[in-house]
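Visitor: Those sequence lines, one after another, are chains Y and X. Under our numbering, the letters of the first sequence match residues 63 to 737, in that order. Under our numbering, the letters of the second sequence match residues 1422 to 1863, in that order. Glycine included, every Cβ here is placed at the ideal spot set by N, Cα and C. Note that the structure is a prediction, hence the values are computed from the model and not measured.
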Amino acid sequence: MSLATNPRRYVISFIFIGVATIMLLRLFFLQNFEPKYKILANDIAIYKKVVYPPRGVILDRKGRTLLSNTPIYDLMITPRNVPKTFDTVAFCAALNIDREMYASILGKVLVRNIDVRQSPFMELLSDEQTARYQENAYKFPGFELVERNIRVYEKPIAGLMLGYIGEVSPEMLKKPRYSSYRQGDYTGLSGLELQYEEVLRGQRGVHYLERDKFNRPRDPYKGGELDSQEVSGKQLDLYLDMELQEYAEKLMANKIGSVVAIDPQTGGILAMVSSPTFDPNLLRGKERAHNYSQLYREATRPLFNRATQAMYPPGSTIKPFTGLVALNVGAITPDYGYGCRGSYGACSRGIACEHKEAGHAGNFRAALSHSCNSYFSHIFRLTVDYDNFESVKQGLQVWHDYYKSFAYGRQTGIDIPFEGKGLVPDTNMYNKMYNKSWNSCTIVFVGMGQGELLLTPLQMANGMCIIANKGYYYTPHFVKAIGRNEQDTLLRKYREKHVVLNIPDETFTTVQLAMQDVVEHGTGGVAKIDSMEVCAKTGTAENKAIVNGEVIKMQNHSMFVAFAPRVNPRIAIAVAIENAGYGAAWAGPIASLVMEKYLRDSIPTRKKALEEKMLKANLINKYVYTIDSVLRLRDLRIYNAKVEKRRIADSTRKAEDLRLYKRWIRNKLKSGNRK
Amino acid sequence: MSTLRKTLFYRIDGIVLLLYLMLVTIGILAIYSVEHRSTDTSLFMMNKSYMRQVIWLGYSLFIGFIIILTDSKFFSSFAFLIYTICIAVLIITIFAGVDVKGSRSWLGVGSFRFQPGEVAKIFTAMALAKFMSLNETNFKKLKNRLIATAIALAPAVLIVLQKETGLALVYFCFFLVMYREGLPTAILLLGFGAIALVLTSLLVNRTTLAVLLTVFAIVIALLGRQTLKRKIAPRIILISVWLFSLLFSQVAVPFVFKHGLQKHQIERIYSMIGIDVPDEYNKALVPGEEKKERTNSSEYNVLQSKIAIGSGGMLGKGFLNGTSTKNQFVPEQKTDFIFCAIGEQFGFVGSAVLVILYLSLMLRVIYLGERQRSDFTRVYAYCVACILFFHFAVNISMTIGLAPVIGITLPFLSYGGSSLLSFSILIFILVRLDADRQVLIR
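Dropping the structure here:
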């Protein structure tokens, strides 16, 4: 019929084409020039899962676990993703908290953070909370349960040495070292945990997962090609002997002081005790802050690492070194003797000696084994006044240099942080103290380990390594291998042999034999080990405390240093017990028991009674608590005074400002009136 | 007459059939991509929509085959009868319908459900074609025009009564068919103009609209100033149209909304065009009280849809990599928003290919219509083209934010048996009729 084409056919076709064209244009712009949709799509559909790898475990020298991990859960919040219609009631019910608590935590989170960032809402959820939350997790958009590992100390030992971890603080986050951390991350705060943070921490992994509209994670996004795999923290192998450490801590119970035992051939630390100890499991998780402040308030200061930070006058334990320097500079020969009759009177003040019988200081070995004060005071004076030196000032400097090379008066470089330096006096220091007018008599006490000389127990033990090795040491350190690799670059500095100022082997032999005499015939008899050559030196260090401006002489520190066996030494040890009395009475037995335990793996019946006595002894003096409270009161007074001063300054400034302001107003009004 | 001698199957239009099969395949793949999970163990899982869609395709092809074998005169002969039955079913549905999301447009027998409104288009198209091709019908007469309009709109009214407004709007596409058959251009323009005016009065700020209307009137006056100078009638028409528009949008609409309509009525009107009720008509709003959280989800749907399509980019994220559609962020993504799956996974290139496929199909159908000997087939072909066009234009436009969200499907792609089956029947009847294009069908 109508075979002629109708023009309206084209109108309709044109409408079809026109609409399709508009559609295509719109699609073109929507899909190619509106990147916000891509961002939005990724925002809603891609779930960034941060995976915390397990922190490296720490093992002892025999592969026994000291510190490992166990999983726990944290609840994280991204405030922006929490919808306005959020079911607070169900949420609070799942976590078993009330609404006020929810509001207050949320308030804190918002203050601390911008709302697009994920931050912790609740940490360390209990098993019950975790289970109930997981059941209902899809109801709570914006929240996310993150699995994390918490540290577990297998035994409550070596807390200060292993250290502990805690959340990074906002102050720390500002530092470049912590640039890769985020709020809520954990980091080592002391001990090995801090020192080896980088290797223990491993590398956080980020997994991108697709999620559906119920916020449930689904498949990996793009098959996981954008994911970064987490890298587990590396394992640390220590030289520390778990059993030895535990035994030493038991022996040191109820005593204030420390034990440091080092393997002289490697510099590896076999045991390090700072007593009183505490259970490091207290310093993790939720209770850390609370327990920390409690430990901090203890009068006996368990958080103070006495092994590396406490500085004691070494007392007689320094005598081998006084002798070593005197012999080496040529001030005396091993045969040199001094006619001590119970005191040293060459200087104005007399120095008492324990021994009166003739010949107890007839030669070097006899003098050391009897620990003659007169002899060592004298040879110290002979050293610094030696003819080869221009004056006592140069003489003291030479002596100082020797001590510096023994790592005295400086940090040894041990691999836990906050090591103390100790103090070795030098010419400058005495020049300042005595206004340059001093001589060898002024400083004579240094020769017998008193006076200005202060050492840490670690330095004393390291000193034993030097004598045991006849002139060299390796920097004392805990870590034998990082991730089973003993040649890790971080450990390179501990593989370096430090040779002390050139002292010939014979001189060391002399000193070693003298120290062997100490055990076999002298003051250190308690350290004897059957069929083994043990070298040791006792020490009884006088010390004072300053309380309310008064100098009070306190009971002596009990000191003991030793190494064994003399040939091919395997252990060097230093024990210091505060205000306990004679070195031979307390420090000596503990040192000998620890050595015996390490070398022989058991305590002979002969020493059982001694062991029992040491385990039971309580050597913490009552006045420790008194002094502590006095000191704390003093600190509080100083603090209060400071606050008061600031307050007064503040109000004065305010009053001044007000005065100036009023004057300005008055002037304004006056000039206004004039106009 | 040479073509008649060729067998029936040889006379079938291959292009339409090919386009149809391409679109259906794309649809099943799109549904599959939305539903696929990496944990799926087997491709053939009967509880999945894509498998059900495959089964529906089977039914459709079977029915299509039967249609091909049917005598072409059958459709014109029974057009009115089927149309009457259809109207009756629609009326029954109003009362006996199953309540689905507030509308009663579904008939249920056991677990089987179907939507008569979806199928009614076919029979309306046939009835309209039949009426227009009657020898006694003179489409220049107003009476016949009114009858044609009644045939086209009767199902729409019934469907509105079923509260399925989106589906009812489809029937307005028959005006385009009537335009082809001789309806004056003015009526078409008037219709478009009225729709545009109502929509803009609701959507556009009132002052802006007044300025726009005035500018529009001035532009028309400038373009037609020769005519306006010579004759008085166009001047009056122009001025009165302009005045009417102004009055309607500035006075009538605000007055009706503020004083005439109830709160729920206003809400329904606005939710139908897919936007929030403006504050000035929001009767729930007491001064000083803060605005309530939105309950209308169509804005959310469109945003998610735009995110999915917009994030596709030029080439798309790749098959099965659509993070938005795969993980169910887009609501109704298997049915009304299936286009998102294409846009997200295949980007602009894929979307453009799809748009061009639809356009080709529609233009091919028009071409088929124009080569017919009989008016019945031509009108029917135009009906098919216009139904496809309406569905295609509104559905894709709503997914990309160009049109309000009304629930109508994308032909051949959207998941759903009623939709696939009715569009298949629509196409197959056309193909059957076209095969007999040299025969005069009345």
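Using a Cβ cut-off of 7 Å, which residues of the segment 73 to 86 of chain Y contact any Cβ in chain X, in chain order?
Guide: I74, S75, F78, I79, V81, A82, M85, L86
Visitor: When you check each C-beta in the segment 89 to 106 of chain Y against every C-beta of chain X, which residues fall closer than 8 Å?
Guide: L89, F90, L92, Q93, N94, E96, K98, Y99, K100, L102, A103, N104, I106
Visitor: 9 Å is my cut-off, CB to CB: does Y/N68 come that close to chain X?
Guide: yes
Visitor: Span of the alpha helix (DSSP H) holding Y/N524?
Guide: 519 to 530
Visitor: Just verifying my parser: in three-state terms, what is the DSSP assignment at X/G1612?
Guide: helix
Visitor: Using the beta-carbon count (16 or more within 10 Å), is X/A1509 buried or exposed?
Guide: Looking at its Cβ environment, which holds fewer than 16 other Cβ atoms inside 10 Å, X/A1509 is exposed.
Visitor: Applying the 10 Å Cβ sphere with the 16-neighbour rule, what's the burial state of X/H1812?
Guide: buried
Visitor: Evaluate contact between the segment 1522 to 1540 of chain X and the segment 1575 to 1591 of chain X, counting only Cβ atoms and requiring at least three cross-stretch pairs below 8 Å.
Guide: yes
Visitor: I'd like the list of long-range same chain contacts for X/I1449, defined as Cβ closer than 8 Å, with 5 residues on each side in sequence excluded.
Guide: Y1471, Q1474, V1475, L1478
Visitor: Any idea what DSSP makes of Y/A717, helix, strand or coil?
Guide: The three-state secondary structure of Y/A717, taken from DSSP, is helix.
Visitor: Using 10 angstroms around the beta-carbon of X/V1591, count the other beta-carbons present and answer buried if the total reaches 16, otherwise exposed.
Guide: buried
Visitor: Below 8 Å CB to CB, which residues in the same chain sit around Y/P69 once its five sequence neighbours on both sides are set aside?
Guide: none
Visitor: Give the residues from the segment 1561 to 1594 of chain X that approach chain Y closer than 7 Å (Cβ to any Cβ), ordered along the chain.
Guide: For the segment 1561 to 1594 of chain X, the set of positions with a beta-carbon nearer than 7 Å to some beta-carbon of chain Y is empty.
Visitor: Check each residue of the segment 1743 to 1759 of chain X: if its Cβ is closer than 8 Å to any Cβ of chain Y, include it; give the result in chain order.
Guide: T1744, S1745, K1747, N1748, Q1749, F1750
Visitor: Can you name, in chain order, every residue of its own chain whose Cβ lies under 8 Å from the Cβ of Y/Y226, other than the five neighbours on each side?
Guide: R213, G250, L251, S252, G253, E255, P342, L345, R346, R350
Visitor: Sort out for me which residues DSSP pairs Y/N547 with in a bridge.
Guide: Y/I544
Visitor: Would a C-beta distance cut-off of 9 Å place Y/S320 and Y/S337 closer than the cut-off?
Guide: yes
Visitor: Can you tell which of X/K1747, X/F1797, X/P1832, X/V1770 has the C-alpha that lies nearest to the C-alpha of X/D1757?
Guide: Taking only the C-alpha atoms, the option nearest X/D1757 is X/P1832.
Visitor: DSSP three-state label for Y/D567, please.
Guide: Correct three-state label for Y/D567: helix.
Visitor: Within the 9 Å Cβ cut-off, does Y/K348 reach chain X?
Guide: Look at Y/K348: its C-beta is not under 9 Å from any C-beta on chain X.
Visitor: Taking one C-beta from the segment 1549 to 1556 of chain X and one from the segment 1792 to 1805 of chain X each time, how about it: are there three or more such pairs within less than 8 Å?
Guide: yes
Visitor: X/F1810 touches chain Y at which residues, Cβ-Cβ below 7 Å?
Guide: F78
Visitor: How many angstroms separate the CA atom of Y/G385 from the CA atom of Y/Y534?
Guide: 17 Å
Visitor: Give the interface partners of X/R1601 over in chain Y, defined as CB-CB distance under 9 Å, in chain order.
Guide: Simply N68, R70, R71, V73, I74.
Visitor: Y/I108 versus chain X: which residues are under 7 Å apart at the beta carbon?
Guide: What Y/I108 touches in chain X: T1744.
Visitor: How about Y/G509 and Y/H440: do their beta carbons lie closer than 9 Å?
Guide: yes
Visitor: How would you call X/S1845, buried or exposed, if buried means at least 16 neighbouring beta carbons within 10 angstroms?
Guide: Sixteen is the threshold: when 16 or more other Cβ atoms of the shown chains lie within 10 Å of the Cβ of X/S1845, as they do, the residue is buried.
Visitor: Where X/S1463 and X/K1469 are concerned, what is the direct C-alpha to C-alpha distance, given to the nearest angstrom?
Guide: 11 Å
Visitor: Using the beta-carbon of each residue, which ones in chain X are nearer than 9 Å to Y/D719?
Guide: Simply none; closest approach about 43 Å.
Visitor: Going by beta-carbon coordinates alone, are X/S1772 and X/F1760 separated by less than 9 Å?
Guide: Cβ distance < 9 Å, so X/S1772 and X/F1760 count as in contact.
Visitor: Please confirm if X/Y1801 has its CB atom under 9 Å from at least one CB of chain Y.
Guide: no
Visitor: I'd like to know whether the C-beta of X/L1823 is nearer than 9 Å to at least one C-beta of chain Y.
Guide: Taking CB atoms only, X/L1823 has a neighbour in chain Y less than 9 Å away.
Visitor: Taking the straight line between their C-alpha atoms, what separation do you get for Y/N564 and Y/D463?
Guide: 12 Å
Visitor: Quick check: what's the CA-CA separation for X/R1656 versus X/L1633?
Guide: 19 Å
Visitor: Is the CB of Y/R273 under 9 Å away from at least one CB in chain X?
Guide: Yes, contact with chain X.
Visitor: Give the interface partners of X/V1677 over in chain Y, defined as CB-CB distance under 8 Å, in chain order.
Guide: Within chain Y, no residue comes near X/V1677; the closest Cβ sits about 31 Å away, beyond 8 Å.
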